[in-house]
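According to the numbering used here, the stretch in the sequence shown is residues 411 to 656, in order.
Accompanying notes for the structure given below.
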Amino acid sequence: MDLKNNILPHALPKHIAIIMDGNGRWAKQQGMIRAFGHENGTKSVKETVEACAELGIENLTLYAFSTENWNRPKLEVQTLMKLLVSSLTKELKTLNDNNIKLAAIGNLQALPKKVYKELSDAIESTKNNTRMTLSLALSYGSRDEIVNAVKEISIKVKNNIISHENIDESIINEHLYTQNLPDVDLLVRTSGEQRISNFLLWQIAYAELHFTSVLWPDFTRQHLYEAIIEYQKRERRFGKTSDQLS
Ligand code: IPE
Ligand code: IPE
Ligand code: MG
411 MDLKNNILPH ALPKHIAIIM DGNGRWAKQQ GMIRAFGHEN GTKSVKETVE ACAELGIENL
471 TLYAFSTENW NRPKLEVQTL MKLLVSSLTK ELKTLNDNNI KLAAIGNLQA LPKKVYKELS
531 DAIESTKNNT RMTLSLALSY GSRDEIVNAV KEISIKVKNN IISHENIDES IINEHLYTQN
591 LPDVDLLVRT SGEQRISNFL LWQIAYAELH FTSVLWPDFT RQHLYEAIIE YQKRERRFGK
651 TSDQLS
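This is how it looks when you write it as structure tokens:
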């Protein structure tokens, strides 16, 4: 059965964020090395991006590499960086054909030069696309993002560009890597882990959370539809009472 038919088109989340987890365990289950899991994970990325664009999701943010992931074995980090470059090269045309704008959030300066260059070129080449914004979280850590925002704001206060009395939520928002994105409506994590792992702490303040035990390389569009259907059944009260909403 195609679960797509059960999705209400008028109540779509505006921003879906996904913690793509479980590549290593998936590979282990097949008796393969972790890199095999990462390679197969790229298929799920492609399917998810296409499914979101087709549905009319405006913003999709994918957690691809965390600040903590730099502590993995050097070889695995290299494999992930190579995979990123090859996927960008391979999929750039698809992004443009589908009118998808690529963006990146994170400490991008920490990426190897080649990755940074490939990424910047892809971002530049898709910048006028309007159907959906696909943001890749790379060398991303939410605490790093907040530290960075505090530094930028304090420099502006020092230089009298912002007065400290005027610091509010929107000023903080504007100084996060996600500045142009709306808050996350739906956060999905695969692989059965029920934690946030330093992802979008500020932006998920009122997100609906969806945890699935499916490992990322096994994640299909039907799993995405399942998450959206569950999201649409929830009552988002934002602190109000249920009666106030109707
Ligand atoms: C997610 O899969 C990919 C990245 C974090 C880069 P993992 O590599 O974390 O896979 P597990 O969690 O070890 O199974
Ligand atoms: C989170 O997954 C980061 C990404 C999916 C890129 P991890 O596998 O690194 O998270 P932990 O360490 O299990 O929390
Ligand atoms: Mg993991």
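Here a beta-carbon is modelled for each residue, glycine too, at the ideal position from N, C-alpha and C.
Shown here, R553 sits in a helix according to DSSP, grouped into three states.
Each of D431, G432, N433, G434 and R435 has a C-beta closer than 5 Å to some heavy atom of ligand 1; these make up the full list, in chain order. Going by DSSP, L619 is part of the beta strand (DSSP E) stretching over E618 to F621.
Of the heavy atoms belonging to ligand 2, none sits nearer than 7 Å to the Cβ of A463. When the five nearest sequence neighbours on each side are left out, the beta carbons in the same chain lying within less than 6 Å of the beta carbon of A513 are those of T543 and S545, in order along the chain. For H420, the secondary structure class from DSSP, reduced to helix, strand or coil, is helix.
Every beta strand (DSSP E) stretch that sits fully inside the stretch 514 to 596 and reaches 3 residues is listed by chain position as 542 to 550. With contacts defined by Cβ atoms closer than 8 Å, L521 and S549 form a contacting pair. For the pair of segments examined, the stretch 561 to 571 was found not to touch the stretch 483 to 498: the number of CB pairs separated by less than 8 Å stays below three. Its Cα nearest to that of D531, the residue V495 stands out among V495, A547 and P483.
The criterion of a C-beta distance shorter than 8 Å is satisfied by T600 and F629. Relative to ligand 2, even the nearest heavy atom lies 7 Å or more away from the CB of Y526. Residue pairing from DSSP places A427 in a beta bridge opposite T471 and L597.
Short note on N481: C-beta not closer than 7 Å to any heavy atom of ligand 2. Distance check between N509 and each of H574, G466 and Q654 places G466 closest, using alpha-carbon atoms only. The shortest C-alpha to C-alpha distance from K414 to any of S573, R646, L634 and Y641 is the one to L634. Annotation: Q604 is outside any alpha helix (DSSP H) and is labelled neither H nor E by DSSP. Segment contact: the stretch 570 to 587 against the stretch 440 to 458, fewer than three CB-CB distances shorter than 8 Å; contact not assigned.
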